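One structure is given below, encoded as structure tokens.
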Amino acid sequence: QVQLVESGGGVVQPGGSLRLACAASGFTFNTYGMHWVRQAPGKGLEWVAFLRYDGTNKYYVNSVKGRFTISRDNSKNTLYLQMNSLRAEDTAVYYCAKEYDSVIGYYSFDYWGQGTLVTVSS
Amino acid sequence: QSALTQPASVSGSPGQSITISCTGTSSDIGGYKHVSWYQQHPGKAPKLMIYEVSNWPSGVSHRFSGSKSGNTASLTISGLQPEDEADYYCSSYTGSTTLVVFGGGTKLTVL
Chain R
205 QVQLVESGGG VVQPGGSLRL ACAASGFTFN TYGMHWVRQA PGKGLEWVAF LRYDGTNKYY
265 VNSVKGRFTI SRDNSKNTLY LQMNSLRAED TAVYYCAKEY DSVIGYYSFD YWGQGTLVTV
325 SS
Chain W
80 QSALTQPASV SGSPGQSITI SCTGTSSDIG GYKHVSWYQQ HPGKAPKLMI YEVSNWPSGV
140 SHRFSGSKSG NTASLTISGL QPEDEADYYC SSYTGSTTLV VFGGGTKLTV L
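Protein chains in written order, with the numbering used here: chain R, 205 to 326; chain W, 80 to 190.
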């Protein structure tokens, strides 16, 4: 069965960095686009970033452009999110999510990880 | 790219039907069929309920149905059940570098 397991969250000071990882299993990872979505405490969902199956074509929400970098290692079935220059407003649970279809871009997320909490605080 | 607009809360009694609206613009909902709906129970990850406006992923109850008219999408839940009580989010492809935008979420209470 499909599993997505995030790791790497924690408490970091403003201006600091963290790298999140998402270990995937149960599907052919190297044929699916992958996303990061976050949810601030008590708030709604916010799409953060997308990476095509082959590691090309990266997209980001405006608020993280230039600070966050999405990447993947298809040999390790793992998605990453490098987060630099972190701000208090980046505090959230970060989910990795799998694209619904490997061929057609539906921009729907059919499997989600359990999330990892990132807290930016001094 | 602004968030899509959803009502903060809706409620209904078991067995009834409710509809949650999701309003965007011609740059998102109105321009594409890539509209999805997610259900999220407290402390859990979201679950995909509807994709491409009105399609069901495998295993999702057909009590949930989706539609779209102009810049507004809707999720209808028929035959409300207590386990339907959750937060519901819509999302849409935007065609911009901010690929996807979500709605603010709607809390469904089953009375």
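The C-beta atom is built at its ideal place from N, Cα and C for all residues, glycine as well. None of these values were measured; they are calculated from a predicted model.
Inter-residue Cα distance where the pair is residue i and residue j
i: Asn220 of chain R; j: Val268 of chain R; result: Correcting the residue identity first, residue 220 of chain R is Gly in this sequence and not Asn. The alpha-carbon atoms of Gly220 of chain R and Val268 of chain R are separated by roughly 14 Å.
i: Ser115 of chain W; j: Trp135 of chain W; result: 10 Å
i: Leu290 of chain R; j: Thr84 of chain W; result: 28 Å
i: Ser137 of chain W; j: Thr273 of chain R; result: 32 Å
i: Gln207 of chain R; j: Gly230 of chain R; result: 6 Å
i: Tyr263 of chain R; j: Gly94 of chain W; result: 42 Å
i: Lys247 of chain R; j: Ala82 of chain W; result: 12 Å
i: Thr104 of chain W; j: Tyr130 of chain W; result: 18 Å
i: Thr177 of chain W; j: Asn266 of chain R; result: 7 Å
i: Gly213 of chain R; j: Thr260 of chain R; result: 25 Å
i: Thr98 of chain W; j: Ala253 of chain R; result: 30 Å
i: Leu222 of chain R; j: Tyr172 of chain W; result: 28 Å
i: Ala227 of chain R; j: Phe233 of chain R; result: 10 Å
i: Ser92 of chain W; j: Gln160 of chain W; result: 8 Å
i: Tyr257 of chain R; j: Cys300 of chain R; result: 14 Å
Residue environment, residue i, which counts as buried when at least 16 other CB atoms sit within 10 Å
i: Ile108 of chain W; result: buried
i: Gly237 of chain R; result: buried
i: Leu125 of chain W; result: What sits at residue 125 of chain W in the sequence shown is Pro, not Leu. Buried, by the Cβ-count rule.
i: His141 of chain W; result: exposed
i: Leu190 of chain W; result: exposed
i: Lys280 of chain R; result: exposed
i: Ala244 of chain R; result: exposed
i: Asp163 of chain W; result: buried
i: Lys302 of chain R; result: buried
i: Val180 of chain W; result: buried
i: Gln118 of chain W; result: buried
i: Gly319 of chain R; result: buried
i: Ser153 of chain W; result: buried
i: Gly122 of chain W; result: exposed
Closest by C-alpha distance to residue i, when choosing among the options
i: Trp251 of chain R; options: R:Lys280, R:Ser312, R:Gln217; result: R:Ser312
i: His120 of chain W; options: W:Thr173, W:Tyr167, W:Ser148; result: W:Tyr167
i: Gly183 of chain W; options: W:Thr98, W:Thr102, W:Gln95, W:Ser96; result: W:Thr102
i: Lys323 of chain R; options: R:Ser211, R:Val209, R:Pro218; result: The residue asked about is misnamed: residue 323 of chain R is Thr in this sequence, not Lys. Residue R:Pro218 is the option with its Cα nearest to Thr323 of chain R.
i: Ala87 of chain W; options: W:Val179, W:Ser144, W:Cys169, W:Gly174; result: W:Cys169
i: Gln205 of chain R; options: R:Asp314, R:Ser325, R:Ser326, R:Leu321; result: R:Asp314
i: Ser325 of chain R; options: R:Gly317, R:Ser275, R:Cys300, R:Val215; result: R:Val215
i: Asn150 of chain W; options: W:Ala165, W:Ser106, W:Gln160; result: W:Ser106
i: Gly174 of chain W; options: W:Tyr111, W:Tyr117, W:Ala152, W:Ile97; result: W:Tyr111
i: Gly270 of chain R; options: R:Leu222, R:Asn288, R:Arg223; result: R:Asn288
i: Ser275 of chain R; options: R:Thr235, R:Gly309, R:His239, R:Gly317; result: R:His239
i: Ala292 of chain R; options: R:Asp305, R:Val307, R:Thr235, R:Leu321; result: R:Leu321
i: Gly304 of chain R; options: R:Asp258, R:Ala225, R:Thr235; result: First, the residue type needs correcting, since residue 304 of chain R is Tyr and not Gly in the sequence shown. Of R:Asp258, R:Ala225, R:Thr235, the residue nearest in Cα terms is R:Thr235.
Cβ pair residue i, residue j closer than 9 Å
i: Ser90 of chain W; j: Leu187 of chain W; result: yes
i: Leu285 of chain R; j: Tyr298 of chain R; result: yes
i: Arg242 of chain R; j: Asp294 of chain R; result: yes
i: Lys147 of chain W; j: Ser157 of chain W; result: no
i: Val209 of chain R; j: Gly309 of chain R; result: no
Reduced DSSP category for residue i - H, G, I as helix; E, B as strand; rest coil
i: Ala87 of chain W; result: coil
i: Glu293 of chain R; result: helix
i: Thr235 of chain R; result: helix
i: Gly317 of chain R; result: coil
i: Val322 of chain R; result: strand
i: Asn134 of chain W; result: strand
i: Ile108 of chain W; result: helix
i: Glu164 of chain W; result: coil
Cross-chain neighbours of residue i in chain B, by beta carbon under 7 Å
i: Val179 of chain W; result: As a matter of chain content, chain B is missing from the structure shown, whose protein chains are R and W.
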